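Residue numbers (the working numbering), protein chains in the order written: chain C, 3 to 468; chain W, 3 to 468. Yeah, the Cβ is synthetic: ideal placement off N, Cα and C, and Gly gets one too. All figures in this text were calculated on a predicted structure; none of them were measured in a lab. One structure below.
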């Protein structure tokens, strides 16, 4: 079994396990108590805070341990917005933030605030000038991830932080994906992270609030963790989180080079090994361990099952793997293909052989899924049929009620019947079609004319160019 | 070292430790994922939920794992209030709830809601008729702990649940202190608990919402734990929590008898071993492992330090041990002495010898603290001085700026100079005096006349009766 989903959760680092086990005996008592067991717990907590702060590059009293990265984001955003309530209620987030940030933004809007979502380019990257353009007199907070969790693209945090600082607006950086690789540089004001992403235990997040940042914790008051994270401290987990963060940082520079080379192999070789693949995300400014690609004419859930069956655990942003039946908001914001999406995120220590085995297994796996779906086998469009002017714009594909990737497969099947210059209308009510039909056109060199309302779902109009 | 503060946190149960260690290898992955590691994690999570639900006496889909008992209370109260927003915004809590519940009530009031705090009798117990009297047409929620965390008094949950059910109002039971001893009987609607109170790991709370209870989770939306507990699941801890709950339940009946006998020894013997002690809490309807008493003329923090020095870890509701300088709200609501307060809460398995050692060490420890403070050594008031009518009501003790127990000590020192029928005024600005001077009068058979405003602090007027 090769586990290639470190961006969801990394297996427990050996240092985390040791620290956790060692502190189960010393760290269970209430650190607020004055007796021996309480003092021991307090010492462990203080030492963990110092170690984590040192790794993050902040002061210990700026760092709070939360119960997850999600909680850190929720609490950090709510506290920062409330702390600057007098300035205004405008929030800026990128369109590709983690759901914890986007859901905070939705709640903020539902409570009467406003939010601007900064678009990204096709690699998933925001531009600092977009943030500059979005800043307003009533902007209370801006948020930007250090790197994207689905495609690995690194964001220009330093530049955006500078832009925000110039406007007197605090920037919250969600560093969940990158903190294990090193400190987040730049003049940010708040930072959040999640221990289980770097090999720490579940149940620990970090919330850093730089001195001088206005912050008003929300929710019922509580004395623990400077009032920023209510509830009894989970000291064994916190100790394990801090110890493992130091351990992964010590190896980060070396391991980054190694994993970057392995993900580069996937980036470069998959398009040659598997036809009709789009590799997504920034090819250079990216996390070492993440590579993401999408395969035309493939059902993401089936592909995941097949890869699991042959021994690879990966995740997917395809709608067909999600209970919500909508494709990943990240792929959507990037405007790239979502069907047959595969995210490979290698945990530190992944052996080279595992990656080679993956590259060896992928082509047949994808081909088998495609075959089962009756997908077109060739990337070459059939030669254009003789033009019959009567049918130039008459072709309609009815894919109503069919889930991704069927609408795209049906489109690919009929495109050969469309005369060059003619159009085909694909009727579909699957949310993914809106993303994947234009992406297919781009990959195939056909023209995506646009979307039109239909009795049911939408009609996606495609013109054959070649 | 004898650890007698199980009501704050119990040492990790061996079953919890085993389960935690065993599931570190299987429970780190994302249970929402479809691959092997995710499915294993899901199996563990589902099994833990079933085990915990069975122990609580609810359906698995009614039970959510939160990150602490505090979070369970915060989320449970907020969700239940929001779920019944249309009914009204009136909340009922007892005056002796845990701070997580009381702080939720304060936030509710600050947000425009109303709250009624149900008083308790001198044993710390509410009466069902008080709840009946407090229910209104706009009552959205009532809260009652199953047993008190500071004095061990059990609350009439079944009767209060019946009263609430009759009015169509959901009752939330904070079962943090009692769940390790068994299910909470009665027709309650919501229940919260905390794993580290029963020997489970830190980082796990329970929130049970019975089917049919209106509930609207607050905060940013999140898919995990039925939307009631955001953030990545801490599965190893959850597994350990469920396993240890079953383990402690299996031993509960037997261990309850044993601990009850040990705490009964303390209840009965301490007043004979140490002069001027008030044992507080219900003598019969109480948790097996908790006994609480207060010692006149003793500084709680010093007493805790001295007990720690001789090997006993206990906690205290005295103001002098708290950073807020106010005595425990529980002792205040009960109207009992707060100075020199000691809570002994025995973890299951506490050896009889440890309790005997405690009883042997306590008298000298208290005596030493009293001596250092210059406290009166005898419980007998000096014979009344010859009456001089000029000084009958003229005596004033200035204890301004002095912390507990000094105001009471100064009062005790001068009472002998007060003619029978005469009064003495104690000037004090320490919050504890308001509680402890009346309590002293009750213990000493003197009359507490009342409190009068003074230039600084208050004047507490005491009449000598004997």
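- No Cβ of chain C is located within less than 8 angstroms of the beta carbon of residue 453/W.
- At a cut-off of 8 angstroms between beta carbons, residue 31/W contacts chain C.
- Our two residues, residue 403/C and residue 100/C, have alpha carbons roughly 30 angstroms apart in a direct line.
- Nearest to residue 28/W by C-alpha distance, out of 36/C, 361/C, 235/C and 204/C, is 204/C.
- A distance below 8 angstroms separates the beta carbons of residue 15/C and residue 201/C.
- Between residue 301/W and residue 375/W, the gap from beta carbon to beta carbon is short of 8 angstroms.
- Ranked by Cα distance from residue 20/C, the options 358/C, 238/C and 3/C are led by 238/C.
- For residue 223/C, the closest Cβ of chain W is nearer than 8 angstroms.
- Within chain C, the C-beta atoms nearer than 9 angstroms to that of residue 39/W come from 3, 5, 7, 11, 13 and 315, in chain order.
- Just so you know, the alpha carbons of residue 169/W and residue 132/W end up roughly 14 angstroms apart.
- Cα atoms of residue 356/C and residue 363/C: separation of roughly 10 angstroms, rounded to the nearest angstrom.
- Inclusion of residue 425/W and residue 368/W in the CB contact set at 8 angstroms is not warranted, their separation being larger than that value.
- In the DSSP assignment, residue 145/W falls within the unbroken beta strand (DSSP E) covering 141 to 147.
- Spatial neighbours of residue 282/W in its own chain (CB-CB distance under 6 angstroms, excluding positions within 5 residues in sequence) are listed in chain order as 153, 294 and 338.
- The CB of residue 23/W comes closer than 8 angstroms to the CB of 23 in chain C, given here in chain order.
- Here the alpha carbons of residue 329/W and residue 407/W stand approximately 11 angstroms from one another.
- Straight-line spacing of the CA atoms in residue 8/W and residue 431/W works out to 33 angstroms.
- Interface criterion not met: the Cβ of residue 178/W is under 8 angstroms from no Cβ in chain C.
- With contacts defined as CB atoms closer than 8 angstroms, residue 261/W and residue 352/W qualify as a contacting pair.
- The stretch 159 to 167 of chain W and the stretch 180 to 192 of chain W touch, with three or more beta-carbon pairs separated by less than 8 angstroms.
- For the stretch 175 to 209 of chain C, residues whose beta-carbon sits nearer than 8 angstroms to a beta-carbon of chain W comprise 196, 198, 203, 204, 205 and 207.
- In the three-state DSSP reduction, residue 402/C falls in the coil class, being neither helix nor strand.
- For residue 307/W and residue 354/W, the gap between their C-alpha atoms comes out near 23 angstroms.
- For residue 196/C, the closest of 61/W, 226/W and 233/W by C-alpha to C-alpha distance is 233/W.
- Nearest to residue 208/C by C-alpha distance, out of 3/C, 453/C, 158/C and 76/C, is 76/C.
- Between residue 127/W and residue 157/W, the CB-CB gap stays under 8 angstroms.
- At a cut-off of 8 angstroms between C-beta atoms, residue 67/W does not count as an interface residue with respect to chain C.
- Its chain contains 148, 186, 193, 194 and 195 as the residues whose beta carbon lies nearer than 7 angstroms to that of residue 177/C, once the 5 sequence neighbours on both sides are disregarded; these appear in chain order.
- Neighbours of residue 310/W in chain C, taken as residues at a C-beta separation under 8 angstroms, are given in chain order as 36, 37 and 38.
- The three-state secondary structure of residue 193/C, taken from DSSP, is strand.
- Selection 125/W, 236/W, 136/W and 123/W evaluated against residue 116/W yields 136/W as nearest (Cα-Cα).
- Here residue 265/W is buried: its Cβ has 16 or more other Cβ atoms, across all protein chains shown, within 10 Å.
- Inter-segment contact for the stretch 101 to 109 of chain W and the stretch 209 to 224 of chain C is present: three or more beta-carbon pairs are separated by less than 8 angstroms.
- In the three-state reduction of the DSSP assignment, residue 450/C falls in the strand class.
- At least one C-beta of chain C is nearer than 8 angstroms to the C-beta of residue 73/W.
- Interface with chain W (8 angstroms Cβ-Cβ cutoff): residue 19/C is included.
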